[in-house]
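Below: one structure, written as structure tokens.
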Amino acid sequence: MTTTTTEGLGARPGDHTMTILTAAPFRRRRLSGALLLAAFAGVTACGDAEAGDPDAEAAGEGEAGFVRIINVQTQPVVREEFVERVRLTGVVEASRDVQVSAEESGRVVETLLEKGARVQEGQAILRIDDRLLASQVDQARAAAELARETWQRRRRLWEEDQVGSELAYLEARFASEQADANLRTLQERLDRTVIRAPFGGILEDRMVETGALVSPGTPVARVVDVNPVKIAAGVPERYAPDVTVGAPATVTFDVLPQANAEAEVRFVGAAVDPRNRTFPVELRLPNSGGLIKPEMVANVTVQRRRVSNALVVPQDAVVRMAEGYQVFVVEGEGDAALARARPVTLGTSQANRVVVLEGLQEGDRLVVMGQKSVADGDRVRVVGGES
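If you count the sequence shown from 1, you need to add 7 to reach the working numbering.
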């Protein structure tokens, strides 16, 4: 840079001076610096070339001397059995849940069990006043005995002595049968004044107390059977061809890990619910300890299909491309190891695992880590996962 002042052009001593910068010398200095840098780079390149870098020669990179080697992890492709499952949310239901109602009119005179009691089939829960029916039964029994005796005498007279008429004989016979039927009806009504459990289970609720007046149809108790329990769930309609009766399933409970169990589908609905496009299925679980309670939420996994001898790979190893899917495999060993792209056709998938239908062979070294950083033909270094 050149500096020029204005002194000598009529300026007096002590006056301010003006400095002028000339550009030509500055450009020359900048050009000289660039030439020095270029010369230094040329010397360095020559030094590298003279050293004879083996990586550069192997990769054919020329004078640049740069070889891209990517660390990857691999695993061998093997054949195995693949099971696809459908995950559902189910609700626990009692295997039997019945509201017991009175069948006769009257006043409740005795309650025999409290809520929560375990009952056996036929065990009495409560009694209704039966005095009126009991007297009617006694009256009907007497009438039946009289009709039976009359019929026996008429029968002997007609069949043995030919005394009387056939009409009287028939009237006595049918009167006896009618009296017996009336007695059985009243006896059955008398028995129904004792309300009994229809099956073994738990007396979940008792809805009347002693002194309450009931009539036929009045709810008096609720009995539930919770061993076993049912698991009801809805399956999306797209799985209709695959979920059938007998399909294996697993039932788990978030709140009861100890109650997790294997089960199978016992019922498959014939119709699809138009509101949510699912069809119902039911499973059964033993519940001897009573830990599983109706209305609990259950996680249900139903087997959809089973594929034997399938090539199964991690889903993360598959790279999505514009024209489909591909994976990378390693070919070669050591410094000669290269990544090769393989277009693949995929089948069913489950839990980050997918079946490969075409594009891979058993024993291929599949890249499972680093697959998104490599391209076809890249040099790679296997750093783990070869087991």
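Don't be surprised by glycine CBs; every beta carbon is placed ideally from N, CA and C.
Spatial distance of residue i from residue j (CA atoms)
{"i": "Ala48", "j": "Leu353", "result": "Residue confidence for Ala48 is low, a pLDDT of 35 falling below 50, so the modelled location carries little weight; the figure read from the coordinates is stated next. If you take the alpha carbons of Ala48 and Leu353, they lie about 51 Å apart."}
{"i": "Arg75", "j": "Leu263", "result": "54 Å"}
{"i": "Val362", "j": "Asp371", "result": "15 Å"}
{"i": "Glu216", "j": "Ala141", "result": "23 Å"}
{"i": "Val98", "j": "Leu298", "result": "14 Å"}
{"i": "Thr308", "j": "Ile209", "result": "29 Å"}
{"i": "Arg7", "j": "Val374", "result": "The chain is shown only over 8 to 394; residue 7 falls outside these bounds and no answer can be derived."}
{"i": "Glu88", "j": "Gly253", "result": "20 Å"}
{"i": "Leu164", "j": "Trp158", "result": "10 Å"}
{"i": "Ser380", "j": "Asn306", "result": "38 Å"}
{"i": "Gln80", "j": "Glu302", "result": "47 Å"}
{"i": "Gly171", "j": "Arg162", "result": "10 Å"}
{"i": "Lys122", "j": "Ile132", "result": "10 Å"}
{"i": "Asp145", "j": "Arg134", "result": "19 Å"}
{"i": "Asp187", "j": "Leu174", "result": "20 Å"}
{"i": "Glu110", "j": "Arg282", "result": "38 Å"}
{"i": "Phe206", "j": "Val107", "result": "11 Å"}
{"i": "Ala343", "j": "Gln82", "result": "18 Å"}
{"i": "Leu120", "j": "Pro226", "result": "16 Å"}
{"i": "Phe260", "j": "Gly296", "result": "15 Å"}
{"i": "Val115", "j": "Arg199", "result": "12 Å"}
{"i": "Glu70", "j": "Gly384", "result": "Residue placement at Glu70 cannot be trusted, given a pLDDT of 45 that sits under 50; the coordinates are not used to answer."}
{"i": "Ala182", "j": "Leu139", "result": "24 Å"}
{"i": "Val326", "j": "Val90", "result": "23 Å"}
{"i": "Gln169", "j": "Glu184", "result": "22 Å"}
{"i": "Val314", "j": "Val201", "result": "58 Å"}
{"i": "Leu364", "j": "Arg94", "result": "24 Å"}
{"i": "Glu167", "j": "Glu156", "result": "16 Å"}
Sequence-distant residues of the same chain with beta carbon closer than 6 Å to residue i, five excluded per side
{"i": "Phe286", "result": "Val242, Gly276, Val279"}
{"i": "Gly391", "result": "Gln80"}
{"i": "Ala268", "result": "Val258, Leu292"}
{"i": "Ala150", "result": "Ala186"}
Nearest candidate by alpha-carbon position, reference residue i, set the options
{"i": "Asp136", "options": "Pro281, Ala219, Leu318, Gln322", "result": "Ala219"}
{"i": "Gly377", "options": "Ala348, Leu367, Ser356, Glu110", "result": "Ala348"}
{"i": "Ala382", "options": "Phe335, Val126, Arg388, Ala266", "result": "Phe335"}
{"i": "Val84", "options": "Ala266, Leu139, Glu369", "result": "Glu369"}
{"i": "Arg284", "options": "Ser108, Arg245, Ala266, Arg114", "result": "Arg245"}
{"i": "Leu177", "options": "Arg160, Arg191, Thr192, Leu190", "result": "Arg160"}
{"i": "Asp232", "options": "Ser112, Arg312, Val304, Gln127", "result": "Gln127"}
{"i": "Lys237", "options": "Gln143, Val288, Val250", "result": "Val288"}
{"i": "Gln310", "options": "Thr355, Gly331, Leu318", "result": "Thr355"}
Three-state secondary structure (DSSP) of residue i
{"i": "Ala317", "result": "strand"}
{"i": "Ala228", "result": "strand"}
{"i": "Val326", "result": "strand"}
{"i": "Ala305", "result": "strand"}
{"i": "Arg92", "result": "strand"}
{"i": "Leu174", "result": "helix"}
{"i": "Leu120", "result": "coil"}
{"i": "Pro264", "result": "helix"}
{"i": "Val381", "result": "coil"}
{"i": "Asn283", "result": "coil"}
{"i": "Gln368", "result": "coil"}
{"i": "Glu244", "result": "helix"}
{"i": "Ala344", "result": "coil"}
Own chain residues within Cβ distance below 8 Å of residue i, not counting five before or after
{"i": "Asn359", "result": "Pro321, Gln322, Asp323"}
{"i": "Asn189", "result": "Ala147, Ala150, Ala151"}
Proximal residues to residue i (C-beta, below 7 Å), its chain only, five neighbours per side dropped
{"i": "Leu38", "result": "Residue confidence for Leu38 is low, a pLDDT of 34 falling below 50, so the modelled location carries little weight; the figure read from the coordinates is stated next. The answer is none, since no qualifying residue turns up."}
{"i": "Pro235", "result": "Ser102, Arg291, Leu292, Pro293, Asn294"}
{"i": "Glu68", "result": "Any reading at Glu68 is ruled out, since the residue's pLDDT is 46, under 50, leaving its predicted position unreliable."}
{"i": "Glu117", "result": "Leu133, Arg134, Thr217"}
{"i": "Asn78", "result": "Gly377, Arg388, Val390"}
{"i": "Arg125", "result": "Ile209"}
{"i": "Gln130", "result": "Arg203, Ala204"}
CB contact check: residue i to chain D, cutoff 8 Å
{"i": "Glu173", "result": "This model lacks chain D altogether, as it is built from one protein chain only."}
Supposed close pair residue i, residue j - CB separation, criterion 8 Å
{"i": "Glu152", "j": "Ala239", "result": "Between Ala239 and Glu152 the Cβ distance is about 55 Å, and since that is not below 8 Å, they are no contact."}
{"i": "Glu271", "j": "Pro248", "result": "Their Cβ separation, rounded to whole angstroms, is 18 Å, which puts Glu271 and Pro248 out of contact at 8 Å."}
{"i": "Gln265", "j": "Arg92", "result": "That pair is no contact at about 22 Å."}
{"i": "Met214", "j": "Ala228", "result": "6 Å"}
{"i": "Ala346", "j": "Val337", "result": "6 Å"}
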